[in-house]
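First up is the structure itself, then whatever we jot down about it.
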Amino acid sequence: DTTYPTMADKAAAVSDDVFGSFSGNGTDTVNLAQQLYDCSFGKLSIYPKPDPTWTGPNGETLSESQLDAVALGKGVMHVTMPQNLALYTTETSIRNAMKDLAQDQLPTGVTLPGPFDHVIFVRDRCLSANGGC
24 DTTYPTMADK AAAVSDDVFG SFSGNGTDTV NLAQQLYDCS FGKLSIYPKP
74 DPTWTGPNGE TLSESQLDAV ALGKGVMHVT MPQNLALYTT ETSIRNAMKD
124 LAQDQLPTGV TLPGPFDHVI FVRDRCLSAN GGC
């Protein structure tokens, strides 16, 4: 991908598109969070951090440093699929594999969606189950 040649750049681009997080001065208003906020007349806010009051079923919590370590501090986590997406037979199997890989990066005992209200999976290639697009 010549637009975003490194994984860090791709994570930054996704964060910016969803939250406006990497715009530097906070003036990037063309992003999912700002548009949802505007369209809901200020009633729906999306943040790149989890609910700070979240507690898991066994009392688990995420510290600020744990979140920053796995989510780049900007609400985005990167995973690498170990095999070609064309080898999967359904979109659900691709999503489940991505979820499992992300899950492995979270602290022990925290299961998705965990402290996150919403989880979005983004693939950087136009390839789907059985090699389609």
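Quick note: the sequence shown uses our numbering, first residue 24, plus one each step. Quick reminder that beta carbons are idealized off the backbone N, C-alpha and C, glycines included.
Item checked: Chain-order list of residues whose beta-carbon lies under 7 angstroms from that of phenylalanine 144 (same chain, five-residue window excluded) -> Arg118 and Met121
Notebook entry, point to check: Is it buried or exposed for serine 38, if we count other Cβ within 10 angstroms and need 16 for buried?
Noted result: Counting every other CB atom within 10 Å of its CB across the protein chains shown gives serine 38 a total of 16 or more, marking it as buried.
Checklist line | Where the alpha helix (DSSP H) through glutamine 128 begins and ends | finding: For glutamine 128, the enclosing alpha helix (DSSP H) stretches over residues 114-128.
Margin query: Please report the distance separating the alpha-carbon of aspartate 123 from that of leucine 59.
Written below: Rounded to whole angstroms, aspartate 123 and leucine 59 show a C-alpha spacing of 28 angstroms.
Check: Any chance the CB of valine 37 is under 8 angstroms from a heavy atom of the ligand MN?
Finding: The model on display carries no ligand, and the ligand MN is accordingly not part of it.
Check: Alpha carbon to alpha carbon, how far is leucine 129 from phenylalanine 64?
Finding: 34 angstroms
Item checked: Euclidean distance between Cα positions of lysine 72 and glycine 98 -> 6 angstroms
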